[in-house]
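By this note's numbering, the letter at position 18 of the sequence shown is numbered 152, and the numbering carries on one by one without gaps. Even glycine gets a Cβ: it sits at the ideal position worked out from N, Cα and C.
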Amino acid sequence: MSLLGSTVNSSVVRTLTAALDGWPSPPRVWLIAVSGGADSVALLHACREVQSVASSHLHVLHVDHQLREESATDAAWVAELCAKYDLPCTIERAATDLRQTSEGLEEAARELRLASYERVARNIGAEVVLLAHTADDQAETVLHHMTRGTGLRGLAGIPLSRPLADGIQLWRPLLTMRRSALRDYLKGLGQEFREDHSNRDESLTRNRLRHTVLPLLEKACNPQVIEALCRLAEQANETQAWLKDEAQRGLTHVILDRTPEQVRFHCEALAPWAPVLIRECFVQLWTEQGWPRQGMTAAHWRSLYEMTQEWGPAARDLPGGCTARRRAGLLMLTGPAKFR
């Protein structure tokens, strides 16, 4: 369904409209995650502008992590904004374990948000959860991954969309837009928003990248560094998607036998493959088997590739209780004890 013929009066709405044209038909119910910050409030307004053309129903979700004194005020502000526009709104309060490090706390809060998204989406019958990530968020994520050490998957950054659960997609339709454009949009509407002052806390790596590192790179190296990092992410994502598809197709031809607890390969069948494809094959296999990938590093995936070669090691114990053994040209992979 094409929505581009509708009248739009801002780059934000045009971007959302163009993104919607990528769907065979717009989702019937949209769950919009709104923190009260500028980005999510801009997304909400853009959704309101295209709602009638898309014939979709909007529902707002605000997750209050109760980590800041003003969080209850933020929740009340979002509820009031929704009431102003007669939009249904769910406020979820998710208590986060305060005993964790700041980085661990951030990850725990993210997991709680994802659980809330799925729960509320199922309750209201939403097929899609809209998030207000921007090009600035994408650049920060790619740079963050680079500073920690990453591969192609990490360089791909934040996906435009991905499955949240069966029948529910996470979708970031404004991922190509600059944060400043969203604020300009709100200014033109005369719409206020909430400021989360914890976003200024530079004890968090992401905030240091946002407020210190990226501005320095823009000034000293490349005024378009945000756009450059986003292009890198797009190219990495395309390459990673191709690798994943090739590995998944290839797996069906090289596996000798397979059970939930064990998989066997003919090493000879992998001989024509490029090393990068063999490594990706193992990543996809671990995912399909449901074996734990936490703790598996680039060195572990490389060692599995080496085990497919005659000169490679014959045995390896791997994180999560997995093992790999090669004998008589066969590679046998065994999952953790709970799968046996």
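Worksheet item: Considering only C-alpha positions, which residue in the set P453, E214 and V168 is nearest to P470?
Response: Walking along the sequence shown from the start, residue 470 turns up at place 336. It is P453.
Worksheet item: According to the Cβ coordinates, are R413 and M441 closer than 9 Å?
Response: Along the sequence shown, read from residue 1 onward, the residue named residue 413 stands at position 279. Along the sequence shown, read from residue 1 onward, the residue named residue 441 stands at position 307. No. Outside cutoff.
Discussion item. Which residue marks the beginning of the beta strand (DSSP E) containing D208, and which one marks its end?
Written reply: Walking along the sequence shown from the start, residue 208 turns up at place 74. Not the beta strand (DSSP E): D208 falls in the alpha helix (DSSP H), residues S205 to K218.
Worksheet item: So what does DSSP say about T284, is it helix, strand or coil?
Response: Position 150 of the sequence shown, counting from 1, holds the residue named residue 284. Coil.
Worksheet entry | For P264, the residue or residues it bridges with in DSSP | Here residue 264 refers to the residue found at position 130 of the sequence shown. Residue identity differs from the one stated: residue 264 is Leu in this sequence, not Pro. Paired residues: I166 and W305.
Worksheet item: With DSSP run on the structure shown, which of helix, strand or coil describes E422?
Response: Taking the sequence shown and counting its residues from 1, the one referred to as residue 422 is at position 288. E422 falls in the helix class under three-state DSSP.
Discussion item. Considering only the alpha carbon of each residue, which of P293, A260, G384 and H179 lies closest to T275?
Written reply: Within the sequence shown, the letter at position 141 stands for residue 275. Taking only the C-alpha atoms, the option nearest T275 is P293.
Discussion item. Please report the distance separating the alpha-carbon of R162 from that of A260.
Written reply: In the sequence shown, the residue the question calls residue 162 occupies position 28. In the sequence shown, the residue the question calls residue 260 occupies position 126. Approximately 7 Å, taken between the alpha carbons.
Worksheet item: Does DSSP classify D391 as helix, strand or coil?
Response: Numbered from its first residue, the sequence shown carries residue 391 at position 257. In this structure, D391 counts as strand in the three-state DSSP scheme.
Worksheet entry | Runs of alpha helix (DSSP H) wholly within the segment 173 to 201 (minimum 4 residues, chain order) | Taken in chain order, the complete alpha helix (DSSP H) segments of 4 or more residues contained in the segment 173 to 201 number zero; there are none.
Discussion item. So if DSSP puts D451 in a beta bridge, which residue, or which two residues, is it bridged to?
Written reply: In the sequence shown, counting from the first residue as 1, residue 451 sits at position 317. T457.
Item to complete: Compare the Cα-Cα distances from Q185 to each of L154, V175, L411 and G170 and report the closest residue.
Response: Locating residue 185 in the sequence shown gives position 51, counting from the first residue. Of all alpha-carbon atoms in L154, V175, L411 and G170, the one lying nearest the alpha-carbon of Q185 is that of L154.
Item to complete: Give me whichever residues DSSP pairs with P297 in a beta bridge.
Response: Here residue 297 refers to the residue found at position 163 when the sequence shown is read from its first residue. DSSP output for P297 lists Q303 as bridge partner(s).
Discussion item. Taking 9 Å as the threshold (C-beta atoms), are A408 and H387 in contact?
Written reply: Within the sequence shown, the letter at position 253 stands for residue 387. Within the sequence shown, the letter at position 274 stands for residue 408. For H387 and A408, no; Cβs fall outside 9 Å.
Item to complete: Look up Q443 in the DSSP assignment and say whether it is helix, strand or coil.
Response: Your numbering for residue 443 matches position 309 in the sequence shown. DSSP places Q443 outside both helix and strand once states are collapsed to three, so it counts as coil.
Discussion item. For L221, report the span of its alpha helix (DSSP H) as first-last.
Written reply: For this step, residue 221 is matched to residue 87 along the sequence shown. Segment: none, L221 is in no alpha helix (DSSP H) and carries neither H nor E.
Discussion item. Given 8 Å as the limit, tell me if R459 has its C-beta closer than that to any heavy atom belonging to the ligand PLP.
Written reply: Of ligands this structure carries none, so the ligand PLP is not represented either.
Worksheet item: Do H267 and R306 have their C-beta atoms closer together than 9 Å?
Response: The residue labelled residue 267 in the question sits at position 133 within the sequence shown. The residue labelled residue 306 in the question sits at position 172 within the sequence shown. Yes, the pair counts as a contact, with Cβ atoms nearer than the cut-off.
Worksheet item: Is DSSP giving F327 helix, strand or coil here?
Response: For the purposes of this step, residue 327 is taken as the residue at position 193 of the sequence shown. In this structure, F327 counts as coil in the three-state DSSP scheme.
Worksheet item: Among residues of its own chain, excluding the 5 on either side of L177, which ones have a beta-carbon nearer than 7 Å to its beta-carbon?
Response: Within the sequence shown, the letter at position 43 stands for residue 177. Beyond the five residues adjoining it in sequence on each side, L177 comes within less than 7 Å, by CB distance, of I166, L264, A266 and L308 in the same chain, given in chain order.
Discussion item. Please identify the residue among V168, E380 and V146 whose C-alpha is closest to the C-alpha of E214.
Written reply: For the purposes of this step, residue 214 is taken as the residue at position 80 of the sequence shown. Of V168, E380 and V146, the residue nearest in Cα terms is V168.
Item to complete: Quick one: residues in its chain with C-beta nearer than 6 Å to the C-beta of R296, no 5 flanking neighbours on either side, listed in chain order?
Response: Along the sequence shown, one-based indexing puts residue 296 at 162. Within the same chain, R296 has close Cβ partners L304.
Discussion item. Helix, strand or coil for Q396? Go by DSSP, reduced to three states.
Written reply: Numbered from 1 along the sequence shown, position 262 holds the residue referred to as residue 396. DSSP, reduced to helix, strand and coil, places Q396 within a strand of the structure shown.
Discussion item. Here's the rule: buried if 16 or more other CB atoms are within 10 angstroms of the residue's CB, otherwise exposed. What is R227?
Written reply: Position 93 of the sequence shown, counted from the start, is the residue given in the question as residue 227. It counts as exposed.
Worksheet item: Per DSSP, what kind of secondary structure is I225 in: helix, strand or coil?
Response: Taking the sequence shown and counting its residues from 1, one reaches residue 225 at position 91. Taken through DSSP and simplified to helix, strand or coil, I225 comes out as strand.
Practice prompt. Pull up the DSSP beta-bridge partners for M466, would you.
Written response: Here the question's residue 466 lines up with position 332 in the sequence shown. Residue pairing from DSSP places M466 in a beta bridge opposite R398 and R459.
Worksheet item: For P406, does the three-state DSSP call read helix, strand or coil?
Response: Reading the sequence shown from its first residue, position 272 is the one you call residue 406. Here P406 sits in coil by DSSP.
Item to complete: Give a yes or no on whether the C-beta atoms belonging to L192 and L239 are separated by under 9 Å.
Response: Taking the first residue of the sequence shown as 1, we reach residue 192 at position 58. Taking the first residue of the sequence shown as 1, we reach residue 239 at position 105. No; because the gap between Cβ atoms is not below 9 Å, this pair is not in contact.
Fill in: Contact set for L211: own chain, Cβ-Cβ below 8 Å, skip 5 residues either direction
Sequence index remark: in the sequence shown, residue 211 carries index 77 (1-based). Checking the displayed sequence, the identity of residue 211 turns out to be Trp instead of Leu. Answer for W211: G170 and R328, listed in chain order.
Item to complete: Count the other CB atoms, across all protein chains shown, that sit within 10 Å of the CB of Q272; report buried if there are 16 or more and exposed otherwise.
Response: For this step, residue 272 is matched to residue 138 along the sequence shown. Burial call: buried.
Worksheet item: Candidates V146, A172, T373 and W164: which alpha carbon is nearest S517's?
Response: What the structure shows of the chain is the stretch from 135 to 474, and residue 517 is not part of that stretch, so it cannot be assessed.
Worksheet item: Should Q369 and C401 be called a contact, given that it needs their Cβ atoms to be closer than 9 Å?
Response: Start at 1 with the first residue of the sequence shown, and residue 369 comes out as number 235. Start at 1 with the first residue of the sequence shown, and residue 401 comes out as number 267. Taking 9 Å as the Cβ cut-off, Q369 and C401 do not qualify as a contacting pair.
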